[in-house]
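Numbering-wise (the numbering used here), the sequence shown opens with residue 1 and increments by one. All residues carry an ideal CB built from backbone N, CA and C; glycine is no exception. For reference, the structure discussed in these notes is given below.
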Amino acid sequence: MFLTHQSAEIPIRALLGREGPQHWNSVEISGACPLFFVEWSEGSGNDTRSRRCLIGSLEEFERVVKEVALRGRIRSTQLLTPPYVNKSTDWMMEPLVEVSEGSAEDDDYLCGIYRVLNGDVYVESPETGLSELTKRRLIYLEKGGD
1 MFLTHQSAEI PIRALLGREG PQHWNSVEIS GACPLFFVEW SEGSGNDTRS RRCLIGSLEE
61 FERVVKEVAL RGRIRSTQLL TPPYVNKSTD WMMEPLVEVS EGSAEDDDYL CGIYRVLNGD
121 VYVESPETGL SELTKRRLIY LEKGGD
């Protein structure tokens, strides 16, 4: 989830004199969960444009991926993980290859499973091991990914 602060707003709507999306110099990350950076292109020929989005939940990532598939193509995805997920001391941003969600055979709790370009696989739930997640559903696979 993201927090926005009034002091970081760029008053483009006021300058243009019309309603529309708000623009911000910065947003604060609230909480410590994986985030997704997605870049995609829409249109064709000279009318192609690139768009980028920072996404704060697995559910929203899935929605965006499905929506982009209807009108464009994903160019790249990055995974931004907190230390408890990437097993380091710092947040890390890495190219994302595959996203799925899974649960243990005797549990309905779903957690994210993320494979990054270097082959590492992260499980969002620190107390659940990858081998325990026997019920899985694929959400995203990079084109050309294994």
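DSSP beta-bridge partners of residue 6
Indexing the sequence shown from 1 puts residue 6 at position 6. Partner(s): none; residue 6 has no beta bridge.
Quick one, which of 100, 47, 59 has its alpha-carbon nearest residue 72's?
Sequence index remark: in the sequence shown, residue 72 carries index 72 (1-based). It is 47 whose Cα lies nearest to the Cα of residue 72.
Are residue 64 and residue 99 closer than 9 Å when you measure CB to CB?
Taking the sequence shown and counting its residues from 1, the one referred to as residue 64 is at position 64. Taking the sequence shown and counting its residues from 1, the one referred to as residue 99 is at position 99. No, the pair does not count as a contact, with Cβ atoms beyond the cut-off.
On the DSSP bridge list, what partners appear for residue 53?
Taking the sequence shown and counting its residues from 1, one reaches residue 53 at position 53. Answer is 38, bridged to residue 53.
From the DSSP output, read off the bridge partner residues of residue 140.
As a position in the sequence shown, residue 140 is number 140, starting the count at 1. BP columns for residue 140 point to 99.
Taking residue 85 as part of the alpha helix (DSSP H), name the residues at either end of that continuous run.
On the sequence shown, residue 85 is found 85 positions in, with the first residue counted as 1. Looking at the DSSP string, the run of the alpha helix (DSSP H) that includes residue 85 is 83-86.
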